[in-house]
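Asks:
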Amino acid sequence: MKYSVKPLFSSTIGKKLLMAISGLFLCTFLVVHLIGNLQLFKNDGGFAFNVYSKFMTTNPLIKTVAYVNYALILLHVFTSLALTIKNKKARPVSYGYNNAKANSIWSSRNMGILGTIILVFIVVHMQNFWYEMKFGEVPMMSYFEYISPEGKTLSTQNLEEVAPSSYGTVRQVIVKDLYKEVTTEFSEEALLVLLYVIAQIAIGFHLWHGFASAFQTVGINHKRYSPIIKTLGYGFSIIVPALFAIMPLYFFFIK
Amino acid sequence: MKFTLKIWRQKNTNTAGKFVDYQISDVNSDMSFLEMMDVLNDELVRKGEEPVVFDHDCREGICGMCSMYINGRAHGPKRATTTCQLYMRNFSDGETITIEPWRASSFPVLRDLSVDRSSFDNIIQAGGFISVNTGQAQDANSTPVNKEDADLSMDAAACIGCGACVAACKNASAMLFVSAKVSQFALLPQGQSERSERVLAMVNTMEEEGFGSCTNTGACEAECPKEISISNIARLNRDFLAASIMK
Chain R
18 MKYSVKPLFS STIGKKLLMA ISGLFLCTFL VVHLIGNLQL FKNDGGFAFN VYSKFMTTNP
78 LIKTVAYVNY ALILLHVFTS LALTIKNKKA RPVSYGYNNA KANSIWSSRN MGILGTIILV
138 FIVVHMQNFW YEMKFGEVPM MSYFEYISPE GKTLSTQNLE EVAPSSYGTV RQVIVKDLYK
198 EVTTEFSEEA LLVLLYVIAQ IAIGFHLWHG FASAFQTVGI NHKRYSPIIK TLGYGFSIIV
258 PALFAIMPLY FFFIK
Chain Y
92 MKFTLKIWRQ KNTNTAGKFV DYQISDVNSD MSFLEMMDVL NDELVRKGEE PVVFDHDCRE
152 GICGMCSMYI NGRAHGPKRA TTTCQLYMRN FSDGETITIE PWRASSFPVL RDLSVDRSSF
212 DNIIQAGGFI SVNTGQAQDA NSTPVNKEDA DLSMDAAACI GCGACVAACK NASAMLFVSA
272 KVSQFALLPQ GQSERSERVL AMVNTMEEEG FGSCTNTGAC EAECPKEISI SNIARLNRDF
332 LAASIMK
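Protein chains in written order, with the numbering used here: chain R, 18 to 272; chain Y, 92 to 338.
#1: Would you say LYS103(R) faces chain Y, with C-beta separation under 8 Å as the test?
#2: Which one of LYS71(R), ASP61(R) and PHE42(R) has the shortest CA to CA distance from LEU92(R)?
#3: In terms of residues, what are the limits of the beta strand (DSSP E) holding SER159(R)?
#4: Would you say THR133(R) lies against chain Y (beta-carbon separation less than 8 Å)?
#5: Taking C-beta pairs closer than 8 Å, name the residues in chain Y that PRO109(R) reaches, listed in chain order.
#6: On the DSSP letters alone, give me the boundaries of the alpha helix (DSSP H) that LEU136(R) sits inside.
#7: Tell me the DSSP secondary structure of GLN227(Y) in three-state form.
#8: Is ILE245(R) helix, strand or coil by DSSP?
#9: Whole angstroms is fine: what's the gap from SER105(Y)'s alpha carbon to SER196(Y)'s?
#10: Are the CB atoms of GLY303(Y) and LYS33(R) nearer to each other than 8 Å?
#11: Listing by chain order, which chain R residues have their CB less than 8 Å from the CB of VAL294(Y)?
#12: Looking only at its chain, what residues have a beta carbon closer than 6 Å to the beta carbon of GLU314(Y), apart from the 5 residues adjacent to it on each side?
#13: Relative to chain Y, which residues along the segment 113-129 of chain R have a C-beta separation below 8 Å, given in chain order?
#14: Just by C-beta distance, which residues in the segment 235-266 of chain R are closer than 9 Å to chain Y?
#15: Would you check if the distance between the CB atom of MET159(Y) and the CB atom of PHE182(Y) is smaller than 8 Å?
#16: Excluding the five sequence neighbours on either side, which residues of its own chain have a C-beta within less than 8 Å of the C-beta of ILE214(Y), listed in chain order?
#17: Select from the segment 284-312 of chain Y all residues with a C-beta closer than 7 Å to any C-beta belonging to chain R, and list them in chain order.
#18: With 8 Å as the C-beta to C-beta threshold (strictly closer), list the residues of the segment 148-179 of chain Y near chain R in chain order.
#19: Between GLY218(Y) and chain R, is the shortest Cβ-Cβ distance under 8 Å, so that the two count as touching?
#20: Determine, for ALA228(Y), whether the minimum Cβ-Cβ distance to residues of chain R falls below 8 Å.
#21: By the 10 Å Cβ neighbour count, where 16 or more other Cβ atoms means buried, how is PRO77(R) classified, buried or exposed?
#22: Pick from GLY227(R), GLN56(R), LYS59(R) and GLY31(R): whose alpha carbon is nearest that of ASN127(R)?
#23: With 8 Å as the C-beta to C-beta threshold (strictly closer), list the residues of the segment 28-52 of chain R near chain Y in chain order.
#24: Could you check whether the Cβ of SER123(Y) sits closer than 7 Å to any heavy atom belonging to the ligand HEM?
#25: Output the boundary residues of the beta strand (DSSP E) element that contains TYR69(R).
#26: Using CA atoms only, rank isn't needed, just tell me which of VAL187(R), TRP147(R) and TYR148(R) is closest to SER165(R).
#27: Determine, using beta carbons only, whether ALA277(Y) comes closer than 8 Å to chain R.
#28: Pair every Cβ in the segment 201-213 of chain R with every Cβ in the segment 136-145 of chain R, then say whether three or more of these pairs are closer than 8 Å.
#29: Please compile the residues from chain Y whose C-beta is within a distance smaller than 7 Å of the C-beta of VAL22(R).
#30: State yes or no: is the beta carbon of SER230(R) nearer than 8 Å to at least one beta carbon in chain Y?
#31: DSSP three-state call for SER120(Y): helix, strand or coil?
#32: Taking just the CA atoms, how far does ARG286(Y) sit from TYR20(R)?
#33: Closer than 7 Å by beta-carbon distance: list the chain R residues that pair up with ARG329(Y), in chain order.
#34: Would you mind sorting LEU100(R) into buried or exposed? The rule is 16 or more other CB atoms within 10 Å of its CB.
#35: Extract the residue ranges of the alpha helix (DSSP H) inside the segment 184-223 of chain R, only unbroken runs of 4 or more that lie entirely within it.
#36: What are the complete alpha helix (DSSP H) segments, minimum 4 residues, inside the segment 275-329 of chain Y?
See below:
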């Protein structure tokens with residue numbers, strides 16, 4: 018049997034593998050991002066959220082993972098482009114009448130459109146918060162850290178008088194008030210809130226197909242486990258985007 | 092029964108085609124779809140027009156020659172059915188039926204509804220066989236095969252290579268076909284000695300033939316007249332990954 022070993026990622030199966038692995042990584046990123054952002058709902062004037070933001074923007078491990086995350090988003094986008102070009106070439110003349118809804122779900126056939134909406138959202142989102150935080154004018158706030166004689170951080174407090182003096186040295190930490198930045202943007206900009214909600218719906222549909230699809234691509238198709246993965250995917254694609262979408266809506270309509 | 096048929100007419104691979112409308116009446120509801128086409132062609136010939144070219148052979152659902160895209164679906168609206176096993180009673184009287192060829196760059200239209208599926212033959216020639224000297228017939232159970240694996244292998248081997256999977260796929264991907272042809276051997280002891288070589292050879296040929304990629308829409312499985320499962324595609328992905336790393 019004549020065969021040759023070509024670089025794995027030159028094949029469509031290899032490229033799909035890149036799509037699946039980067040996609041699943043981005044799913045775990047969504048979970049981490051969501052858990053952190055849920056602190057926006059704490060009624061403490063943004064203290065918990067700002068402490069979390071400072072940790073996320075200064076911890077070297079988190080910073081490294083963040084850059085891996087950006088790289089994987091780009092990989093996901095460019096690999097999908099390469100695959101889409103090949104797929105379009107594979108059918109130069111389209112059907113006069115095609116009843117695709119009889120054999121497949123809408124989201125599975127529109128991953129590219131959904132992905133484009135998500136990409137536009139990511140660019141706007143990065144400009145709004147990441148770029149503003151790094152290079153823009155952001156209001157400042159401060160909190161207090163209590164440090165033991167050995168130099169260990171014992172506790173962080175919103176207000177100075179809360180802490181007993183037995184905690185050791187008090188240090189005032191001044192950080193960018195991202196809480197204020199986020200909440201003012203969301204309570205004032207109706208169009209932005211709309212874009213955020215639309216983007217979350219797109220992410221929901223993207224994951225409705227993408228989550229389980231990624232497992233099939235890496236070769237996991239099992240009569241007992243695959244139904245569980247599918248159910249997990251459906252739950253994930255509803256719950257995660259819904260919680261994200263509630264954030265701008267909450268600050269626009271309620272807070 | 093009466094029908095309006097909207098049929099794709101194309102002279103050859105290099106000319107552009109178009110839909111032409113035909114009226115057909117006195118169709119018996121128990122005619123197969125191909126018999127209805129025969130009646131139409133008979134009328135066309137009598138009128139001195141060119142008959143519609145379409146592929147067919149066994150007309151009992153096992154050869155994989157028939158290949159029409161009927162009302163937006165490969166092999167028409169009925170599940171697990173080839174065009175030849177589709178009957179006119181599955182349509183309603185007076186309906187307009189759109190009939191097109193499989194559409195994929197790897198399946199060039201030869202004429203009208205007939206397409207060239209040599210790309211499938213090339214994939215099979217690359218590795219869809221076992222190149223061991225079999226010698227004399229062995230005793231029946233001298234090579235033990237797990238019943239479950241034997242069943243899965245038989246299910247994969249049910250593929251008749253008609254190309255409905257490619258036709259129905261939004262990417263014109265041949266993954267269901269290739270995965271069935273890889274799986275029928277990968278599941279049996281006789282297929283093990285060339286398992287890695289086979290998957291590499293067949294996938295490479297599939298790529299060279301210009302088929303699109305699999306996006307797991309499941310359209311192929313839903314339209315396959317032999318109901319080949321996309322679990323075969325997951326097996327193909329596993330085998331290809333393993334072979335690409337280990338070979």
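Every residue, glycine too, gets a C-beta built ideally from N, C-alpha and C.
Replies: Concretely, from the data shown:
#1: yes
#2: PHE42(R)
#3: 157-164
#4: no
#5: SER196
#6: 128-142
#7: coil
#8: helix
#9: The question names Ser, but residue 105(Y) is Asn in the sequence shown. In a straight line, the C-alpha of ASN105(Y) is about 12 Å away from that of SER196(Y).
#10: no
#11: SER28 and ILE30
#12: ALA165, ALA255 and ALA259
#13: GLY113, TYR114, ASN115, ASN116, ALA117, ALA119, ASN120, SER121, ILE122, SER125, ARG126 and MET128
#14: VAL235, GLY236, ILE237, ASN238, HIS239, LYS240 and SER243
#15: no
#16: ALA265, PHE268, VAL269, LYS272, MET293, THR296, MET297 and GLU300
#17: GLU285, GLU288, ARG289, LEU291, ALA292, VAL294, ASN295, GLU298, GLY301, PHE302, GLY303, SER304, CYS305, THR306, ASN307, THR308, GLY309 and ALA310
#18: TYR160, ASN162, GLY163, ARG164 and PRO168
#19: yes
#20: no
#21: exposed
#22: GLY227(R)
#23: SER28, THR29, ILE30, GLY31, LYS32, LYS33 and LEU34
#24: In the structure shown, the ligand HEM is absent, as is every other ligand, since no ligand is present at all.
#25: First-last for TYR69(R): 64-75, but that is the alpha helix (DSSP H), not the beta strand (DSSP E).
#26: VAL187(R)
#27: no
#28: yes
#29: LEU291, SER335 and LYS338
#30: yes
#31: coil
#32: 11 Å
#33: GLY236
#34: buried
#35: 195-205
#36: 286-299 and 310-314
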